[in-house]
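Protein chains in written order, with my numbering: chain E, 4 to 274; chain C, 4 to 274; chain Z, 4 to 274; chain U, 4 to 274.
Listed below in structure tokens is the structure:
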């Protein structure tokens, strides 16, 4: 079935013949394996641009920052899935990644777009403060959330934020988006009516955009990072299972709010 | 519902309070972000052991080797999924990872288990040649495949194999499993009746086991690596789509082998 | 981690004790198994409302209409996934469902919301024609697509549309949303500048909303239906594989648009 | 890339032209929509055989039996995923289905294969008792589980078992596999050393095989059924969320067993 106009698939990432695998113009076996770190290679895969120390250091820092935060919902879902289907590690990883959506880990992308929009207003002539005020107020008026601010556990600033800003500075990245991110943090109380501190999902785009990372690829950063964390959790699950115990605990406080047939007693039962 | 005996979930990977996130005993913000590469961090997540130059170099090489090989089936599946559901990047990555199974990318794990079994026989007193002969013949007798040998495109040795063996040697990894892998390659013609050369899925465990990488985590290596490749393909798909074009081409040669109602003509049609 | 305000999980769908499983207030074993069809049960699960002949007939018709349409992209992705990971049927089904997104099968939900918006305008006092004109023009002005109109293969009206409208009429469903759907079809040439005929994704909500099916559950209909189709394709794949052949064909016409190293020749190669 | 020998994709399920969609030899719009229930259509999709009242009644009963059992692990995983990524209903359904694996819902397939093996021994001349004894003892000797027996909640016979056996009898299905299933139940105490009563995952293949359902498609039954249950849970989740509350409860009793940095206190913290 022809969907859309295009019938010829094109790609600029990789080609190969029987002897050589080419990735972004380079011979994978001769030029990349052993000559590049995985972090650099991710950058090469994304846009083929030459490796830079700034980009690698900042990207490494963000991947380390977001890979793991204990038994968060997506990790619980992944471990429950592995407990039920241990024949398919890939399925349990996939189940965990499916929770990297708009509410939780997708906020990095959304925050990056917010900062880019503010940067555009500044480029158009506004002061930073006015640009922040206008863009954040407009979001608020549309009842849209301000992505990357506030955290259920880290009420003061998420501790990963300082660490990431420190790396960006040391590595010599452009700090423009860090300044935008902090200006948004300062403006939030006046616009939203309460303090919401920078969390890791705002700090990631703030430092990555200043290191030349592609805006549209931001959402890939938490996804790649969490894959590492999920694999570690699933290795632990295979040796010291807790997937079903998590599910057991989750069900202990469930309240059933529907009807029951005559004579049915939940005493000793469970939903 | 209580499934299994355990009701208390336990984990040794991460804990946190409002100020500090702990991963494998270290303060994430103070000790890890900015101080460790993503590759090192993956190793820390997996087993908490101290970072070593050998482990990092070998792991980096394997992740780079397996991350990308063009529009292979799992990448096609992922790009088709993104074309149909662009609101959910995580779903398209998940679809691609679901193809990292026993037939294709899971072979790294299976080959590692084969090499470990041979190493065990050698530890028990057999010569390398006898151990290889016995273990490979037994698999053959049970009609099981020899994972990690033969490749649909790279009929001579997969070019990534030499590159990985070279990195292992340079980095100072133990070469025991490389020797086992090559002994299996030499034994295959006599046992299987045809040459099947080492492919990347055998080379990966051969070098990683010699660098102290945990056997049970081997399957995680292609999964993590491919996630990077998939994200790059999906970034390209968002800018220069080919998912539907791939599907269109795939359907051009489909033969429908079932019945049709009276008067139905496939002229101009398509399945 | 406490995300959101709620800490007590509540559900009204099912509870159980050691002897009895309760679903929507009924004893599953005594009152439902053997007494209800799967289609009725899906309705009971969704909202617990009593079964009606109209709802069942219309829902059956829509599930049959959308379950299968040959080797469409999501089926190709699913069969490729199964070929690579045959140990996990559930993973291949999941990969196929991940392609039920906003561009392809999610259009049923979006079209239902369009019709409900138009119905709301009519309830507010507009004529059907004005309501259609206003709502469709506003979407067009926002450059949003008109979901459920036009089809890559069925340029005249999708043949499933008449069949579904016929079932709705025979079953005695309310036809209000069918009329809205047809009014939209008539208005499109004037607003969009070309004919786009009703396709199955508009016909499904048109008949289901008239049968009292919940608006928010519309997206579940193609998902449930396609699951049946995917299982049939994967049973066929296990007996007569074509997943890798589809991928082979898809790759035949791929054009590599990136650079290559000196001396690399694509002759005889493939991406 | 050419994987395997086949390059031409073939299918016998569906084809189409601009006017007609053919499924299993029939015109979808003219002969199937409005003329067949979804349950019948699933059977037609699977093997194209004519509809029979026995097959439909037994299949309906099994789909109803297995679709829903409250907040089991896969439903928890699915609701957590939806809470984190509400933009992608299909992703949350996929996450739930990924838990339909070998340990939990895949047991229907495994039990069916057990019964078919016993039936084969009986066809070869053994008595039912000897065949059961031999096959079950051999599994036990290989330390393999006996799939479909025992249940974490329903210690006496799972209440769905009688209901399914009653439907099979009333519908006039062959009861051979029901007899085999009960003979296995009687033999288990002598072989395993404790009572393990028939659960729904053994009853499903026992009745379906007697109704002519294809052995290799058994695993599709819980997958299709659970899709309906998952959609209902996700509709409820969109209106009355509990995904994050489940995760919160699951984390309350987590014990962190790793090391912590000097000065770190878990008081008031959480993993």
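Here a beta-carbon is modelled for each residue, glycine too, at the ideal position from N, C-alpha and C.
Are residue 36 of chain U and residue 67 of chain Z closer than 7 angstroms when you measure CB to CB?
At the C-beta level, residue 36 of chain U and residue 67 of chain Z come within 7 angstroms of one another.
Closer than 8 angstroms, Cβ to Cβ, to anything on chain C: give me those residues from the stretch 84 to 98 of chain Z, in chain order.
Only 84, 86, 87, 88, 89, 90, 91, 94, 95, 97, 98 from the stretch 84 to 98 of chain Z bring a Cβ to less than 8 angstroms from some Cβ of chain C.
Suppose the cutoff is 7 angstroms on Cβ atoms and the five residues either side in sequence are ignored; what does the same chain contact list for residue 65 of chain C look like?
Excluding residues up to 5 positions away in sequence, 167, 207, 210, 211, 224 lie with their Cβ nearer than 7 angstroms to the Cβ of residue 65 of chain C in the same chain.
Identify every run of the beta strand (DSSP E) within the stretch 18 to 44 of chain U, keeping only runs that are complete inside it and at least 3 residues long; order them along the chain.
Annotation: the stretch 18 to 44 of chain U contains the following complete segments of the beta strand (DSSP E) (minimum length 3 residues), in chain order: 24 to 26.
Minimum Cβ-Cβ distance from residue 124 of chain Z to chain E less than 7 angstroms
Not closer than 7 angstroms to any Cβ of chain E, the Cβ of residue 124 of chain Z fails to qualify, so no.
How many Å lie between residue 222 of chain U and residue 111 of chain U at the Cα?
Here the C-alpha atom of residue 222 of chain U lies approximately 6 angstroms from the C-alpha atom of residue 111 of chain U.
Counting only C-beta atoms, is residue 117 of chain Z closer than 7 angstroms to chain C at any point?
Closer than 7 angstroms: no.
Sort C:124, C:89, C:99 by Cα distance to residue 242 of chain C and report the nearest one.
Nearest option by C-alpha distance: C:89.
Considering only the alpha carbon of each residue, which of E:19, E:117, E:153 lies closest to residue 74 of chain C?
When E:19, E:117, E:153 are compared, the shortest CA-CA separation from residue 74 of chain C is found for E:19.
Supposed contact pair residue 107 of chain E and residue 234 of chain C - C-beta distance, whole angstroms, cut 8 angstroms
Contact between residue 234 of chain C and residue 107 of chain E is absent: CB atoms are separated by about 18 angstroms, not below the 8 angstroms threshold.
Close Cβ partners of residue 220 of chain C (< 7 angstroms) along its chain, the five nearest in sequence each way excluded
So the qualifying residues of the chain are 49.
Could you name the residues of the same chain whose beta carbon sits closer than 7 angstroms to that of residue 175 of chain Z, not counting the 5 residues immediately before and after it, in chain order?
The beta carbon of residue 175 of chain Z sits closer than 7 angstroms to those of 57, all from its chain and outside the five residues before and after it, given in chain order.
Using only CA atoms, which one of E:231, E:232, E:204, E:185 lies nearest to residue 131 of chain E?
Residue E:185 is the option with its Cα nearest to residue 131 of chain E.
What first and last residue would you give for the alpha helix (DSSP H) that runs through residue 209 of chain C?
That run of the alpha helix (DSSP H) goes 203 to 213.
Looking at the structure shown, is residue 58 of chain Z part of a helix, part of a strand, or coil, going by DSSP?
It is helical.
With distances taken Cα to Cα, identify the nearest neighbour of residue 179 of chain E among E:125, E:13, E:155, E:159.
Ranking the options by Cα distance to residue 179 of chain E, first place goes to E:125.
Report the neighbours of residue 111 of chain U on chain C: residues whose CB is nearer than 9 angstroms to its CB, in chain order.
The contact set of residue 111 of chain U on chain C, defined by CB atoms closer than 9 angstroms, is empty, because the minimum CB distance reaches about 17 angstroms.
What are the residues of the stretch 141 to 175 of chain C that lie near chain D, defined by any Cβ-Cβ distance shorter than 8 angstroms?
This model lacks chain D altogether, as its protein chains are E, C, Z and U.
Going by CA-CA distance only, name the one from E:165, E:23, E:191, E:182 that's closest to residue 148 of chain E.
Residue E:191 is the option with its Cα nearest to residue 148 of chain E.
Do you know offhand how far residue 198 of chain C's Cα is from residue 22 of chain U's?
C-alpha separation (whole angstroms): 51 angstroms.
For residue 177 of chain Z, which residues from the same chain have a beta carbon less than 7 angstroms from its beta carbon, with the 5 sequence-adjacent residues on both sides left out?
The beta carbon of residue 177 of chain Z is closer than 7 angstroms to those of 213 in its chain, skipping five residues each way along the sequence.
Use the C-beta contact count for residue 8 of chain E: other C-beta atoms within 10 angstroms, 16 or more gives buried, fewer gives exposed.
Counting of Cβ neighbours within 10 angstroms places residue 8 of chain E among the exposed residues, the total staying below 16.
Residue 83 of chain E and residue 79 of chain U look like a contact to me (Cβ under 8 angstroms); what is the Cβ gap, rounded to whole Å?
So it is a contact: roughly 6 angstroms between Cβ atoms.
Stretch pair the stretch 86 to 100 of chain U + the stretch 242 to 251 of chain U: three plus CB contacts closer than 8 angstroms:
The stretch 86 to 100 of chain U vs the stretch 242 to 251 of chain U: in contact.
Can you tell me whether residue 144 of chain E is buried or exposed, with buried defined as 16 or more other CB within 10 angstroms of its CB?
Residue environment for residue 144 of chain E: exposed (fewer than 16 other C-beta atoms within 10 angstroms of its C-beta).
When the cut-off is 7 angstroms and only beta carbons count, does residue 272 of chain U lie next to chain C?
Because residue 272 of chain U carries a pLDDT of 47, less than 50, the predicted location of this residue cannot be relied on, and the following value inherits that uncertainty. Interface residue, yes.
Please state if the CB of residue 47 of chain Z and the CB of residue 121 of chain Z are separated by a distance shorter than 7 angstroms.
No. Outside cutoff.
Is residue 10 of chain U close to chain Z, meaning its C-beta is less than 7 angstroms from at least one C-beta of that chain?
Residue 10 of chain U has a beta carbon lying within less than 7 angstroms of a beta carbon in chain Z.
Is residue 271 of chain Z buried or exposed, if buried means 16 or more other CB atoms sit within 10 Å of its CB?
Below a pLDDT of 50, predicted positions are generally treated as unreliable, and residue 271 of chain Z, at 48, falls in that range; no measurement from the model is reported.
Short CB-CB distance (under 7 angstroms) between residue 233 of chain E and chain U
Cβ-Cβ to chain U under 7 angstroms: no for residue 233 of chain E.
If you follow the alpha helix (DSSP H) that residue 83 of chain C is in, where does it begin and where does it stop?
Per DSSP, residue 83 of chain C belongs to the alpha helix (DSSP H) from 76 to 87.
Counting only Cβ-Cβ distances shorter than 9 angstroms, please list the residues of the stretch 228 to 255 of chain C near chain Z, keeping chain order.
Going along the stretch 228 to 255 of chain C in chain order, one finds 243, 245, 246, 247, 248, 249, 250, 251, 252, 253, 254, 255 with a Cβ nearer than 9 angstroms to chain Z.
Please check if any C-beta of chain C sits within less than 7 angstroms of the C-beta of residue 262 of chain U.
Closer than 7 angstroms to some Cβ of chain C, the Cβ of residue 262 of chain U qualifies, so yes.
Is there at least one Cβ from chain C nearer than 7 angstroms to residue 67 of chain E's Cβ?
Between residue 67 of chain E and chain C, the shortest Cβ-Cβ separation is below 7 angstroms.
Rounded to the nearest angstrom, how far is the Cβ of residue 263 of chain C from that of residue 153 of chain U, given a contact under 8 angstroms?
Contact doesn't hold; Cβ gap of about 49 angstroms is too wide.
Residue 145 of chain C in three-state terms, based on DSSP
Coil, per DSSP.
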